[in-house]
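Order-wise, the sequence lines are chains Y and G. The opening position of the first sequence corresponds to residue 259 in the working numbering, with each subsequent residue numbered one higher. The opening position of the second sequence corresponds to residue 2 in the working numbering, with each subsequent residue numbered one higher.
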Amino acid sequence: MKRTNVLLILALIIGIAFHGSSIFFTLETTYDALIHLFFADHYAGSWFEPWDYRWYTGFTVQAYPPLVHQSIAILSYIGGLKFGMFTVAIIGIILFITGAYRFGLLMTGDRRIAGYTSLLAVFSSTFIETLHIFGQLPSIIGLSVLLHSLPEIYLWIKTGKRRYLYTSLSLIAVTVTSHHVTPIFGMVFFIFPLIGMVIMDACKDEVKVNKAITFKIFFQKFKILFWRIVSFGMFSLVLIVGCILPYWINSKKNPITQVPIPHGSRDNFLEVTSSGLVFFMIPWGILLFLIPYIFYRYYSKRYLFFGLSISMLTILGTGGTTPIPLKILGETAFNILTLDRFTLWATIMALPIFGEFAFRMVEGDIKENLQNRFGRVYHRILGGCIAGGMLFMIIFTMSLGYFRPSQPQKIKMLPIVNFLNQDNHDQWRYLPLGFGDQMAWLSSQTNAMTVDGNYHSARRLPELTTRAIERLENSKFRGVEGIGSLQQFLTVPEKYNLKYIFSNDKFYDPILYFCGWQRLQQLENGIMVWEKLNIPPVASVLPKQDVHKALKIMWGVIPLLTVIIAFIINIQVIWYRVLKSRKIPPPAYLQYNLAFKGFPKIMVNVSHIWSLIVLLCIGYGFYLFYLKNASQIAPTNVINAYYDALDFKEFGKAHSYLDPESEVDLAQYMLEVSVTDGILSSYAKLDSIGITLLEEHEKSAKARVDTRWITPLEKVEKSEEHTLLKRNGNWYIQPKSFDNHLPPDQLFTSNNTAFFNHGRRRITTQQTNHEDVLKQPVLEVIRAKLVKFKGQYSIIGEIQNVDNVPADVVINGTLYNDDDKELASYNAKYHMKHKLMPKETTHFKINFEGIAWSSTKDTLPPTFNPDEFTPITLEEQPTKFNLQCAGNVANTDLYKQVSLQQLSYQEGVIQGVLFNSGIQEVTIPQLLVSYYNDKKELVWIDHNFLAEGVRIQRKQYFNYSPINTSNVEVINTSLEFCFVNGLPNATIAEKIFPNRNYAHNEEQLQPLKGNGFDFIKLEMNSYIGNPK
Amino acid sequence: MKKIIYIWFLVLLFGCKGTTKKEVIQNVNFVSLSTKKTYKAGDAIHLKFSYTKSSKAVLILKNAMGSTALIPQVLDKTLEFAVPSSFNRYAGMCHWSLIYNQDVVVSGDLSILPNSSKTHIESYLGPRSISAGEVDYSMMVIAPTDGYDNPLSAGTEVQMKHQFENAIQEHTLEVKNLLTWKNIYAPTKSGRILVTASCNSTISKELTSIVFPDKAIDFSINYERNHGYADGNQMITFETSIIYDTYGNIISDGTLVSFLIEDTSGMLLRAMGTTINGIAKARLLHPTKKESWKISGYITGVAKSNTISVSFDAAILDYKIGLSANKRTVMVGPLESFMQQIVPDGMPISLHIWDSENNLLEIKQTTSRLGMGEFNLPPEFFPNGTYKITIEVSGLKKTKKLVLE
């Protein structure tokens, strides 16, 4: 009887101590762990009901294999969801280490090498990354169980004992129910080569020497073993289909319509180096240096099929670096699969060989070879380097989440959960912004529903499936497209009963304001709650896609049953093996261990050369990195560096690029920069930068810098000229002069009418008392018309709050054709002032964006682009429109103290100054420009967001170039179908606001002759980022 | 023979129908013993019947809310049905029918009247805010009910009172079609109307309707400033007179007044103010050059002010242009204001520079600091040669020839 394997015990102890304790600091900030937690919460709440309303206006959890989620759910009954998650993670760690051991033992037939394999598995950077950075629990459990099943499959095919068929199938079933992709690709990449190896071993049994195996013998043996292979294959196919049958039925019924969402693993790793690091360098880690050895061993005759498999996996894992993965997988699979899993499998497959290498390096023939050729010291140094490299990779990988957090800071969810629970707030949908994957943790703590979600394969709303964005919540990382998609939800929130937004990222605040949302309160955890008025609550009965009861029972019962069956079938052998209570014959694969004598010299040389190449590549990478960061070598470098620093708000660094002789010291610079608020300095992300050198001299240069910024509102393009100077070999930027204007008053007063609405005066669990419901303010549509401009239909007009209280205004427009068929419906976005004081007017424009159209398929532009529009067919020509305007009493965002001054019109450009005479700092001023023709009829409405804010008692200069409106085609000007708070506009205006003096509007128009217009009107709207 | 077989066949076929066990009705007799037909809601109702032979009867009750079947309490010679509270508390017609053996034997109606011993009042007032004048009104709707939530009978009197300032008006209304209502027309003064109602000595809560002022009428505006010079720094405040509505009420706080300012070049500047106690104020900076403004105030669509004129004199009458030793720095200033003091910081200064062939090379802008402005013309961008520069401050243009060596 053999001794207990000390290395395995050591690996288990270290593995559980190291991973088991560090998961408490890493797992919750991983990408996936909290998603699985949400699914687990679903099962904990309703085990057999697969429909969950909380994400994506309803989705089915049958879109993901349930075992891991159900295990967490079962354990959550004992100690809560997180207890369940950590317990399952620890089980996963144990399964992985023991799985690696058994895989190593199977491959090498040597307990000692298997021990090394298990120890290396503990420290493998690929496992660390999958667990501690990605948090892919189902994948880990699936893979580990697959590794456990491999020896059983081997033994079944080799010996033909039924027992092994049962054990292997039982383990395959567990793999299937925990992760669907693992067994399918595992079949191809692990089990097929394994079958090849079994046949090789069978051949060897016959001919005794590997070299003597010919294709003929191989084929003969294959024929003998054929039925065992086929029976295993058939049974496992049945299991793969049967165990998660509801999953397959669901995939058939709801095929993934999601447009491909970019994933780093599909990038070209040489271009996007960060993806290369995360999806190639880290998983391979120290194995990169051993690639020649790994391939040398895997291309030996016994492992030949593993060799082919690992080559394939390695190539597929390189993503978009080479065109091969795309060609092998095809367009669809390439865009759906995340290719990092191939690298994961490749590196796991390499583990036994790595173990073998370690064994030979520590106590085998490589050690001898090295010591004989280069001496003892070299061997030790080399060993130290490899160990050091491994440790470096471990620390580097573990700390990646610390230095480059993939998630925002941990958010305390309790205040949000309490907010949703109080005052019936969960009767509406909510949307978290800037939560990262923690949104899943929030969702699992509440019954309230969100339109967003974190498992994009289960999406159903076309607004989401047609967009290549991961979540609305982090849409800013997908640039214009992401923001465009978010804007669609913010503009027509009624459609989704979306009333509350929890904002953890002030980046989104401007778009919320300009779409008509208002701040409600800041919770204790710093999350700002925004609300939208005039949103109906979610219906009490919601539609769902029901599935047959049998499928629900299957889904609820089979996964855990597979675990129980696998446990019962396998426990006996494990019991004997671990506790040595009964002697069991050694498994068949143990007789194929090698003696390892005489490591070929050439391999040592090749490995050295290879390592050198790898080191050179890494060194070159560092050199490039340095060059890119050598910021003052050339004029373009310094401009790039300066804008980079500004983008990341590193003002100290930015100041270091300014001309040192310009006498702007850091304190002064900080003072001047820090006081500039506005969309560019506070809410923008630099998207691209183009530098044109206008003049270049030896010591000076002049450059035009065209920058494009992604802001929450729109793309902003800015062009600026910089003067550059060279001093002591370094280039510097000459600082711009700042406005020296000083406000006249040190202290001044400002009186304003402020409003407060109690909401519910009586605290009641019932509906709000009718006395506490305010009358909706009356609005009047003064003019409205349907126009067509540049192929796009818009409703433009002017509306006034004719009531005595401030109003929050929502305008919804619907287009009809001659047959009264509804074509499109949308709300006014930011082409209006949403908050109107009594008797205030605003112009408005409704643009009909993608989701507005009833047949989204035809009209939806492939990517969101405000300037691009798909014209619709002629039969669908809109000819009539309907306007539904709703007023609700507003009491916030009523700042009107921005004046328009020093206006002039020269060479087609309106220049002017906005002056802030009040006591709130305006962060983003907006100009609404309405164009009128010679008859003073409204022609078009345009807008302009000013890049910089207006401080108190200060000026802000602006330029605006009027557009050519001569091509605006007016289609309908009838006010017949305009309604205010559900009542006809004409009658309500007649009653509340008779004898209107229309001359007032006309007198306020600025005569200005241009292309297609004779008058314009400028209106100001101001967003205040930090109300005081 | 065939016919006989056929007949037998038919007899067998149809003659096999099972006999009904229906007892002969004649022998069973039910007579209603209750004569009372009208009850008050909540009163206990017992319906009694005498019977002969069989007591197996049920009573079906039907009212507007639904129906039910009752099993009797069988006494000697009488059957007694206790009408459950769900029926005797509900005012209106209640129809009963006694069923024996699936047949209605006796039937009748009960009339249950509202029980006015305890009255509740449900009252609604809306809209909650109206405008002063003769057009707008709030409607008070009163639905008096008894203790069991039955609307009181038509004709029940309801007293309604509403108060505005010192006047309390009282109306007597009658319930009709389950409720009663009254339009309360707005007075011509703004304020608040309190409304209440009472019925059968039960009183309602107090309800409120706010009377907002009516539309504004034309008003006048004025301005206030520290001095009349265009220094681009001081502020001018425009202020309306107290704005009233048609009935002499001060218009609602927060009403927006737009001030439209037409400058000398015909451009329309704009400032906005919201009213407090009928007065709206808005501020603008003084212009930087000699100006004459025409100002009017608007409450768009409703009211307009008179037009006033304001002129500003130039603050800076002259300034000097200096050059540094190497002529590479153009210094403007000192800029002196109307009392020969240094102008407040921030006066815009612009420089246009042309080359010898009269091509405009660049427009530079700066603002004054301690009365001075500086422009640098570095040799890298302005090689030696002859240039023409024009400086503009406060509308004053000065041109100079510049030779750089």
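Glycine included, every Cβ here is placed at the ideal spot set by N, Cα and C.
> Since Pro751(Y) is in the beta strand (DSSP E), which residue starts that stretch and which ends it?
Replying inline: Where Pro751(Y) is concerned, there is no enclosing beta strand (DSSP E), given that its DSSP letter is neither H nor E.
> Closer than 8 Å, CB to CB, is Gln1159(Y) near chain G or not?
Replying inline: yes
> Expressed to the nearest angstrom, what Euclidean distance is found between the alpha-carbon atoms of Leu1204(Y) and Pro1183(Y)?
Replying inline: 6 Å
>> Counting only Cβ pairs nearer than 9 Å, list the residues of chain G close to Met1095(Y).
In response: Gly255, Thr256, Leu257, Met273 and Thr275
> Is Phe239(G) helix, strand or coil by DSSP?
Replying inline: strand
>> I want to know whether the region 569-586 of chain Y touches the region 820-833 of chain Y - three or more CB-CB distances under 8 Å.
In response: no
> In or out: Thr749(Y) buried (at least 16 other Cβ within 10 Å) or exposed?
Replying inline: buried
> Along chain G, in chain order, which residues have C-beta atoms closer than 9 Å to that of Leu1032(Y)?
Replying inline: Arg129 and Ser130
>> Assuming contact is defined by CB atoms lying nearer than 8 Å, are Ile277(G) and Asn1174(Y) in contact in what I supplied?
In response: no
> What is the C-beta distance between Lys1093(Y) and Gln1178(Y), in whole angstroms, given that I count them as a contact (C-beta under 8 Å)?
Replying inline: Contact doesn't hold; Cβ gap of about 14 Å is too wide.
>> Counting only C-beta atoms, is Glu240(G) closer than 8 Å to chain Y at any point?
In response: no
> chain Y beta carbons: is any one of them nearer than 8 Å to that of Gly347(G)?
Replying inline: yes
> Closest Cβ-Cβ distance between Met66(G) and chain Y: below 8 Å?
Replying inline: no
> With a cut-off of 8 Å, does the C-beta of Arg1254(Y) fall near any C-beta of chain G?
Replying inline: yes
> Rounded C-beta distance between Tyr766(Y) and Val709(Y)? I'm assuming under 8 Å.
Replying inline: Contact doesn't hold; Cβ gap of about 15 Å is too wide.
> What whole-angstrom Cβ distance do Lys757(Y) and Glu789(Y) have, given they're in contact under 8 Å?
Replying inline: 6 Å
>> Rounded to whole angstroms, what is the Cα-Cα separation between Leu71(G) and Ala58(G)?
In response: 9 Å
> Nearest CA to the CA of Arg369(Y): which residue from Leu1172(Y), Thr1011(Y), Leu1263(Y) and Leu848(Y)?
Replying inline: Leu848(Y)
> Excluding the five sequence neighbours on either side, which residues of its own chain have a C-beta within less than 7 Å of the C-beta of Leu951(Y), listed in chain order?
Replying inline: Pro893, Ala959 and Ala961
> Beta carbon of Gly347(G), beta carbon of Leu1000(Y): below 8 Å?
Replying inline: yes
> Does Phe382(G) come within less than 8 Å of chain Y when only Cβ atoms are used?
Replying inline: yes
>> Please tell me whether Leu1204(Y) has its Cβ less than 8 Å away from any Cβ of chain G.
In response: no
> Which residues in the same chain have their Cβ closer than 7 Å to the Cβ of Thr388(Y), if we skip the five residues on either side of it in sequence?
Replying inline: Gln394, Ser397, Ile398 and Leu602
> For the candidate residues Gly274(G), Ala42(G) and Gly255(G), whose alpha-carbon lies nearest to that of Val1147(Y)?
Replying inline: Gly255(G)
> Since Lys1(G) sits in a beta bridge, which residues does DSSP pair it with?
Replying inline: One cannot answer for residue 1(G) here, as it falls past the ends of chain G, which runs 2 to 406.
>> Could you pull the DSSP bridge partners for Met273(G) from this structure?
In response: Ser259(G)
> Could you give the residue range of the alpha helix (DSSP H) that holds Phe450(Y)?
Replying inline: Phe450 to Val465
>> Check this for me: beta carbons of Ile349(Y) and Ala269(Y), under 8 Å apart or not?
In response: no
> For Thr981(Y) versus Ala942(Y), is the C-beta spacing smaller than 8 Å?
Replying inline: no
>> So, with DSSP's three-state summary, where would you put Trp1198(Y)?
In response: strand
> Out of Glu529(Y), Phe344(Y) and Gly454(Y), which has the shortest C-alpha to C-alpha gap to Ser558(Y)?
Replying inline: Gly454(Y)
> Glu953(Y) and Phe382(G): beta carbons closer than 8 Å?
Replying inline: yes
>> Quick check on Asn1027(Y): does DSSP put it in helix, strand or coil?
In response: coil
> Between the Cα of His47(G) and the Cα atoms of Leu174(G), Asn234(G) and Leu34(G), which residue gives the shortest distance?
Replying inline: Leu34(G)
>> So, at 6 Å on beta carbons, what are the nonlocal neighbours of Gly273(Y) in its own chain, with the 5 sequence-adjacent residues on each side left out?
In response: Ile351, Ile355 and Val380
> Are Gly303(Y) and Trp309(Y) touching if we call contact CB-CB under 8 Å?
Replying inline: no
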